[in-house]
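Contents: one structure, followed by commentary.
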Ligand code: SF4
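Residue numbers (this note's numbering): 127 to 459.
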């Protein structure tokens, strides 16, 4: 598509207003302006909505996304959307969740991106766990494949996991697949949690030593850690939660300095959306999330390859829907 110099200049200015906070220059924004213009035009033409996870790159989040959020917030957007096409700019299991919640829509993924947690467990493993713990309910973190969700009693997110555990009538819970999250939740409930051995390769990078160093260097900083971090990191933090809870904490806190022990995309969001707040310490990059680029979004909107169209067997959709709907019901109580 051809755009006039005036259209490109206007788009560059729009992009620069946001992206300057994360180190983008005006020439950088000029370079991507024709691409974001084309994606946004095509999105309207095809009645598509772009959902982007908070761990996506800033050019995607502020250039073309209609909604930003964590897996729960985006799942709810996917469930309610009236658009014909959902482009899910995130890892594959999230796009599957959108398909489960709104199966009549076309769900597209710009790139096939896995996740170390989702890849850590199979439906067979869940059946094995059920056999070994016949009185337990299976509570499954949303970072899992559709097949694993279909074998579960209920799904949860990092933001609502405790509420879901407490909302189950069983006292024994098989909590899958995140080992650290199960260990972080165990002290908060009287129920017995049986963990799986899955780990997020991004959050396991954080160490309690690094957190202590930041504490010494910036005694005024609040340290927020995602519940996928190791228990030793959580012990040193001021708050444990999901990305949405971390953003809310930053919003409502009187503090001006924060360390976010999570993927770098969230620090980018704080720098862009809350420029008065300072981020210190290091963050970690998710190689799966960062696989997606603007050019992939354009390509999948123009002409998706078969593997970019999310399809799931009907029985898997039905069973996984039941586990997801149970989560939504418990959250609404
Ligand atoms: S940050 Fe961790 S849990 Fe999230 S997609 Fe990447 S590997 Fe998976």
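Ideal Cβ positions, reconstructed from N, Cα and C, are used throughout, including at glycine.
Only a predicted model underlies this, so the values are computations on that prediction, with no experimental measurement involved.
Nearest-angstrom Cβ-Cβ length linking residue i and residue j, presumed shorter than 8 angstroms
| i | j | result |
| --- | --- | --- |
| residue 282 | residue 453 | 6 angstroms |
| residue 191 | residue 216 | Between residue 216 and residue 191 the Cβ distance is about 10 angstroms, and since that is not below 8 angstroms, they are no contact. |
| residue 370 | residue 199 | 6 angstroms |
| residue 280 | residue 446 | About 11 angstroms separates the two Cβ atoms, so there is no contact after all. |
| residue 175 | residue 212 | 6 angstroms |
| residue 255 | residue 324 | So it is not a contact: roughly 12 angstroms between Cβ atoms. |
| residue 410 | residue 328 | 5 angstroms |
| residue 97 | residue 365 | The structure shown does not extend to residue 97, since the chain is modelled only from 127 through 459, so no value can be given for it. |
| residue 299 | residue 351 | Actually they do not touch by this definition, with Cβ atoms about 22 angstroms apart. |
Where residue i falls: helix, strand or coil (DSSP)
| i | result |
| --- | --- |
| residue 147 | helix |
| residue 225 | helix |
| residue 215 | strand |
| residue 410 | strand |
| residue 453 | helix |
| residue 348 | strand |
| residue 306 | helix |
| residue 272 | helix |
| residue 446 | helix |
Check: residue i C-beta below 6 angstroms from any heavy atom of the ligand GDP
| i | result |
| --- | --- |
| residue 194 | As far as ligands go, the structure on display features the ligand SF4 and does not contain the ligand GDP. |
Residue i and residue j closer than 7 angstroms at C-beta
| i | j | result |
| --- | --- | --- |
| residue 456 | residue 189 | no |
| residue 196 | residue 458 | no |
| residue 317 | residue 291 | yes |
| residue 426 | residue 234 | yes |
| residue 362 | residue 337 | yes |
Residue i: first and last residue of the uninterrupted beta strand (DSSP E) it sits in
| i | result |
| --- | --- |
| residue 365 | 365-367 |
| residue 195 | 193-195 |
| residue 263 | 263-267 |
| residue 177 | 174-179 |
Continuous alpha helix (DSSP H) stretch holding residue i: start and end
| i | result |
| --- | --- |
| residue 321 | Looking at the DSSP string, residue 321 is not in any alpha helix (DSSP H); the run it does join, the beta strand (DSSP E), is 318-321. |
| residue 232 | Unbroken run through residue 232 is the beta strand (DSSP E), 232-234; no alpha helix (DSSP H). |
Checklist entry - If you pair each beta-carbon of the stretch 144-152 with each one of the stretch 387-404, do three or more pairs fall below 8 angstroms? => result yes
Item to check | Cβ contact (3+ pairs, closer than 8 angstroms) linking the stretch 409-427 and the stretch 170-189 | outcome: yes
Checklist entry - Would you call the stretch 153-164 and the stretch 245-264 in contact, with 3 or more CB pairs under 8 angstroms? => result no
Checklist entry - Between the stretch 374-382 and the stretch 346-364, do three or more beta carbon pairs fall short of 8 angstroms? => result yes
Checklist entry - Quick check: the stretch 237-247 against the stretch 200-214, are there 3 or more CB pairs under 8 angstroms? => result no
Item to check | Cβ contact (3+ pairs, closer than 8 angstroms) linking the stretch 293-310 and the stretch 266-274 | outcome: yes
Next on the checklist: Would you call the stretch 151-158 in contact with the stretch 128-140, where contact means no fewer than 3 C-beta pairs closer than 8 angstroms?
Outcome noted: yes
Item to check | Contact between the stretch 271-278 and the stretch 352-370 (3+ Cβ pairs under 8 angstroms) | outcome: no
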